[in-house]
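**Student:** So the protein lines, in turn, are chains A and B.
Just so it is clear: in the first sequence, position 70 is 70 by this note's numbering, and no numbers are missing.
For this note's numbering, count along the second sequence from 1 and bump the result up by 1000.
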Amino acid sequence: MAFFQSIFYNVLLQFKMSLSRPMYRFTLIVSPIVNTMLIFEMFRKSNVSDAANYIVFGSGLMGLWSSITFSSIGDISRERYIGTLSTVYVAPLNFNLTIFYRIIGNTILSSMAFLISIISAHLFFKISMPIYHKYYFIISFIMIIVSFSIISMPISYLMLISRKSSLYMNMIEYPIFILCGFAFPTNKLPALIRFISYVLTPTWTTKLLHESLHKNLDIYQINHAFKETILLNLIYCLFILILWKHIDSQVRKNATLEVV
Amino acid sequence: MDNTNIITITDLTRIFKNKTGWFSPTEEVTALNNVSLKIKRGTIFGLLGQNGAGKSTTIKILTTLLLPTSGNVLIDDLDVTKDYKEIRKKINFIFGGEQGVYKRLTPLDNLIYFGNLYKVNTHTLKKRIPELLNQVDLYDVKDRLVENFSKGMIERLQIAKGLINSPSILFMDEPTIGLDALSVRKIHGLIKNLNDHGTTIVLTTHYLKEVEELCSSVAIINKGNLVAKGTPDEIIEKYATKGNDLESAYISIIKGDS
Ligand SMILES: Nc1ncnc2c1ncn2[C@@H]1O[C@H](COP(=O)(O)OP(=O)(O)OP(=O)(O)O)[C@@H](O)[C@H]1O
Ligand SMILES: [Mg+2]
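Structure representation (structure tokens):
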């Protein structure tokens, strides 16, 4: 019980921390609106059958990922500059737990991007999305939150070991949009880079989301996407454990917690 | 007073490896070179030296932020390399200047967040935070955003942050940098008061008057080497040439060493 209380409390604190930053508020609110317009224009003359899904949920996913890169992942490099990273790192609360709380908080908060995309698609383009299968939709949405949280962990750790992390943060924002099929289906990508998509969980959660929105569900496809998501998440968790062991000593050896 | 050593540093060396460009070779900087030092429990200890002497590096090793390259450092008989988790519960640190706090939050929220990071339970925190805010004279502004604070106020908030876990050792890296005379006096009052209540304080500074006022023992490092240690009086007696103050002693030590 105390454990859940502590999670709840820390997640609330994280909401407060993130919302206190104008840059975060801007990313959370403005980027889904702009993305909705952008994807609408992209699909205007196309004959992709589920274009509406891309316009509404694609922009939501892009907004979610942008908010995550600028909060959970970006926090590390920002806090390095404001000088709080060292305290956060050495304080007795396990750093993995600190990061975990932050990521959960930010991912939940950032999923507001979906709401904003839904509203803007409706307001600007009169697009509304019927949800035929409530439970499938809810499950795939939860999988999105879980998977985006898990993938943020190793990336946050990598930010720790280099003082150039703000550069990397900007570098990972767009490739994920493209590789994971947020704005257009991954089968439009050249075959050579498609295998990268397959090892990224957001690709599968995006697929799961799209499948769950169809009027006639393809249970085989849903099962497949679901299994891939679970499997990759497990592999990521294993990777996180290995990575952490390595990083904890590197950080103190190479003095990357602060700028000199 | 208890006369045991709370910190024991033996042959401490720290080397930084810097890479300046992709194809340039790594350059090595020896920030600390074979430093040995003991700090007594319950004292205010001052670490002096020119810019780049290695003061902050020493503090960072003592606070488990950095690993030593070689040598041995014990804090309360715990080894900084191995027992860092235990050490972290007993200490806290603050750095001077405007860094180290969340400026977009209020002092109250800052302290709640840091209290949480230091695993102080909610019940204790509810009592301790108002006490600390009163102690550092920030109670009346506890709900204002830190970004509107003066340097002196930020430094006092830092001190409150440094005391959130009631540490037995508080490390302070240049706590009075850039502050006006009255703010400095306030900080000095806080430091003395803390020390009266048994907290060991290790501070670095460039103000020699500050050392004379606060510290019962000092060490001077120059280019990574320990060049003098003792009480301020001992150092003055041994090294001062003109006048009878620490500044004169300090200058002759640094000049004599280069
Ligand atoms: N992270 C780092 N990477 C590379 N070199 C470093 C790093 N931190 C410190 N140094 C180098 O180590 C030496 C000692 O630096 P340190 O910060 O300990 O000095 P200082 O005594 O605190 O100086 P100041 O009075 O300017 O604060 C300097 O030459 C500095 O350039
Ligand atoms: Mg320094």
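We put the beta carbon where it would ideally sit given N, CA and C, even for glycine.
Check this for me: beta carbons of B:L1170 and B:L1194, under 8 Å apart or not?
**Tutor:** One-based indexing of the second sequence puts residue 1170 of chain B at position 170. One-based indexing of the second sequence puts residue 1194 of chain B at position 194. Less than 8 Å divides the Cβ of B:L1170 from the Cβ of B:L1194.
**Student:** Kindly say whether A:M171, judged by its beta-carbon, lies nearer than 8 Å to any beta-carbon of chain B.
**Tutor:** Within the first sequence, residue 171 of chain A is the residue found at index 171, counting from 1. So no, A:M171 is outside the interface.
**Student:** Using only the alpha-carbon positions, how far apart do A:R102 and A:S72 sit?
**Tutor:** Counted from its first residue, the first sequence places residue 102 of chain A at position 102. Counted from its first residue, the first sequence places residue 72 of chain A at position 72. Straight-line Cα distance between these residues: approximately 6 Å.
**Student:** Closer than 8 Å, Cβ to any Cβ of chain B: which residues of the region 78-103 of chain A, in chain order?
**Tutor:** I82, G83, T84, S86, T87, V88, Y89, V90, A91, P92, L93, T98
**Student:** Can we say the region 1136-1152 of chain B touches the region 1059-1076 of chain B, given the rule of at least three CB pairs closer than 8 Å?
**Tutor:** No: the two stretches stay apart, fewer than three of their Cβ pairs being nearer than 8 Å.
**Student:** Which stretch, first to last residue, makes up the beta strand (DSSP E) that contains A:T98?
**Tutor:** Here the question's residue 98 of chain A lines up with position 98 in the first sequence. Here A:T98 belongs to no beta strand (DSSP E); instead the alpha helix (DSSP H) covers 95-110.
**Student:** Take the Cβ of A:K237 as the centre, count every other Cβ of all protein chains shown within 10 Å, and call the residue buried at 16 or more, exposed below.
**Tutor:** Numbered from its first residue, the first sequence carries residue 237 of chain A at position 237. Correcting the residue identity first, residue 237 of chain A is Cys in this sequence and not Lys. It counts as exposed.
**Student:** By DSSP, does A:F114 sit in helix, in strand, or in coil?
**Tutor:** Counted from its first residue, the first sequence places residue 114 of chain A at position 114. In this structure, A:F114 counts as helix in the three-state DSSP scheme.
**Student:** So, is the C-beta of B:F1171 closer than 8 Å to a C-beta in chain A?
**Tutor:** Locating residue 1171 of chain B in the second sequence gives position 171, where the first residue counts as 1. No, because no Cβ of chain A sits closer than 8 Å to the Cβ of B:F1171.
**Student:** Closer than 8 Å, Cβ to any Cβ of chain B: which residues of the region 2-25 of chain A, in chain order?
**Tutor:** Y9, N10, L13, K16, M17, S20, R21
**Student:** What residues in its chain sit with their C-beta under 7 Å from that of A:L85, if we drop five residues either side in the sequence?
**Tutor:** Here residue 85 of chain A refers to the residue found at position 85 when the first sequence is read from its first residue. I76, E79, L257, E258, listed in sequence order.
**Student:** Which residues, in order along the region 1067-1082 of chain B, keep a beta-carbon less than 7 Å from a beta-carbon of chain A?
**Tutor:** Going along the region 1067-1082 of chain B in chain order, one finds L1067 with a Cβ nearer than 7 Å to chain A.
**Student:** So which residues put a beta carbon under 6 Å from any heavy atom of ligand 1, going in chain order?
**Tutor:** A:A255, A:V260, B:F1016, B:N1018, B:V1029, B:A1031, B:G1049, B:N1051, B:G1052, B:A1053, B:G1054, B:K1055, B:S1056, B:T1057
**Student:** Look at A:V199 and A:S117 and say whether their C-beta atoms are less than 8 Å apart.
**Tutor:** To locate residue 199 of chain A, count along the first sequence from 1; it is residue 199. To locate residue 117 of chain A, count along the first sequence from 1; it is residue 117. Their beta carbons are not under 8 Å apart, which means A:V199 does not touch A:S117 by this criterion.
**Student:** Report the neighbours of B:K1019 on chain A: residues whose CB is nearer than 9 Å to its CB, in chain order.
**Tutor:** The sequence position of residue 1019 of chain B within the second sequence is 19, counting from 1. Within 9 Å Cβ-Cβ: nothing; B:K1019 doesn't reach chain A, min ~11 Å.
**Student:** Is it buried or exposed for B:K1019, if we count other Cβ within 10 angstroms and need 16 for buried?
**Tutor:** For the purposes of this step, residue 1019 of chain B is identified with residue 19 of the second sequence, where counting begins at 1. B:K1019 is exposed by the Cβ-count criterion.
**Student:** When you compare the CB of B:T1064 with every CB in chain A, is at least one pair closer than 8 Å?
**Tutor:** Mapped onto the second sequence, residue 1064 of chain B falls at position 64. At least one CB atom of chain A sits nearer than 8 Å to the CB of B:T1064.
**Student:** When the Cα atoms are used, what is the spatial distance from B:S1024 to A:G181?
**Tutor:** Translated into the one-based positions of the second sequence, residue 1024 of chain B becomes position 24. Translated into the one-based positions of the first sequence, residue 181 of chain A becomes position 181. If you take the alpha carbons of B:S1024 and A:G181, they lie about 40 Å apart.
**Student:** Could you work out which residues of chain B lie near A:R163, taking near to mean beta carbons separated by less than 7 Å?
**Tutor:** Within the first sequence, residue 163 of chain A is the residue found at index 163, counting from 1. Ordered by position in chain B, no residue passes the 7 Å Cβ test against A:R163, which lies about 11 Å from the chain.
**Student:** Three or more C-beta pairs closer than 8 Å, one from the region 205-223 of chain A and one from the region 138-156 of chain A: is that the case here?
**Tutor:** Cβ pair count under 8 Å is three or more, so yes.
**Student:** Would you check whether ligand 2 has a heavy atom nearer than 7 Å to the C-beta of B:D1173?
**Tutor:** The residue you call residue 1173 of chain B lines up with position 173 of the second sequence. For B:D1173, the shortest separation between its Cβ and any heavy atom of ligand 2 lies below 7 Å.
**Student:** If A:Y135 sits next to A:L217, beta carbons under 8 Å apart, how far is it from one beta carbon to the other, in whole angstroms?
**Tutor:** By 1-based counting over the first sequence, the position of residue 135 of chain A is 135. By 1-based counting over the first sequence, the position of residue 217 of chain A is 217. No, A:Y135 and A:L217 are not in contact; Cβ-Cβ is about 11 Å, not under 8 Å.
**Student:** Any beta-carbon of chain A closer than 8 Å to the one on B:R1144?
**Tutor:** Against the second sequence, residue 1144 of chain B aligns to sequence position 144. It does not: the Cβ of B:R1144 has no partner Cβ on chain A nearer than 8 Å.
**Student:** Quick one: using the 10 Å Cβ neighbour count with 16 as the cut-off for buried, is B:A1181 buried or exposed?
**Tutor:** Translated into positions along the second sequence, residue 1181 of chain B becomes position 181. Exposed, since its Cβ has fewer than 16 Cβ neighbours within 10 Å.
**Student:** Taking Cβ-Cβ distances below 7 Å as the criterion, which residues of the region 243-259 of chain A are in contact with chain B?
**Tutor:** R252, K253, A255, L257
**Student:** Leaving out five residues before and five after A:I150 in sequence, what residues of the same chain have Cβ atoms less than 6 Å from its Cβ?
**Tutor:** Mapped onto the first sequence, residue 150 of chain A falls at position 150. Once the five neighbours on either side are set aside, the close Cβ partners of A:I150 are N233, Y236.
**Student:** I'd like to check one pair, B:N1092 with B:L1163: are the Cβ atoms closer than 8 Å?
**Tutor:** Taking the second sequence and counting its residues from 1, one reaches residue 1163 of chain B at position 163. Taking the second sequence and counting its residues from 1, one reaches residue 1092 of chain B at position 92. Yes; because the gap between Cβ atoms is below 8 Å, this pair is in contact.
**Student:** So that I know if they touch, is there some Cβ in chain A lying closer than 8 Å to that of B:K1126?
**Tutor:** Position 126 of the second sequence, counted from the start, is the residue given in the question as residue 1126 of chain B. Judged by the 8 Å Cβ criterion, B:K1126 is not in contact with chain A.
**Student:** Could you compute how far the alpha carbon of B:T1124 sits from the alpha carbon of B:I1112?
**Tutor:** Residue 1124 of chain B sits at position 124 when you count from the first residue of the second sequence. Residue 1112 of chain B sits at position 112 when you count from the first residue of the second sequence. In a straight line, the C-alpha of B:T1124 is about 11 Å away from that of B:I1112.
**Student:** Using a Cβ-Cβ cutoff of less than 7 Å, which residues in the same chain neighbour B:Y1118 once the five nearest sequence positions on both sides are dropped?
**Tutor:** Residue mapping note: residue 1118 of chain B aligns to position 118 of the second sequence, counting from 1. In the same chain as B:Y1118, and ignoring 5 residues on each side of it, the C-beta atoms closer than 7 Å to its own belong to I1164, N1165, in chain order.
**Student:** Indicate the three-state DSSP secondary structure (helix, strand or coil) for B:D1011 in the structure shown.
**Tutor:** As a first step, residue 1011 of chain B is located in the second sequence; it is residue number 11 there, counting from the start. Correct three-state label for B:D1011: strand.
**Student:** Check B:L1105 in the structure and name its three-state DSSP category.
**Tutor:** Taking the first residue of the second sequence as 1, we reach residue 1105 of chain B at position 105. DSSP places B:L1105 in coil when its eight states are reduced to three.
**Student:** In this structure, does DSSP put A:S77 in helix, strand or coil?
**Tutor:** Indexing the first sequence from 1 puts residue 77 of chain A at position 77. Helix, per DSSP.
**Student:** Quick one: is B:F1114 near chain A, going by C-beta distance under 8 Å?
**Tutor:** Counted from its first residue, the second sequence places residue 1114 of chain B at position 114. Yes, its Cβ sits closer than 8 Å to a Cβ of chain A.
**Student:** Would the beta-carbon of A:T27 fall within 8 Å of that of A:S67?
**Tutor:** Stepping through the first sequence from its first residue, residue 27 of chain A is reached at position 27. Stepping through the first sequence from its first residue, residue 67 of chain A is reached at position 67. In this structure, A:S67 lies closer than 8 Å to A:T27 by Cβ.
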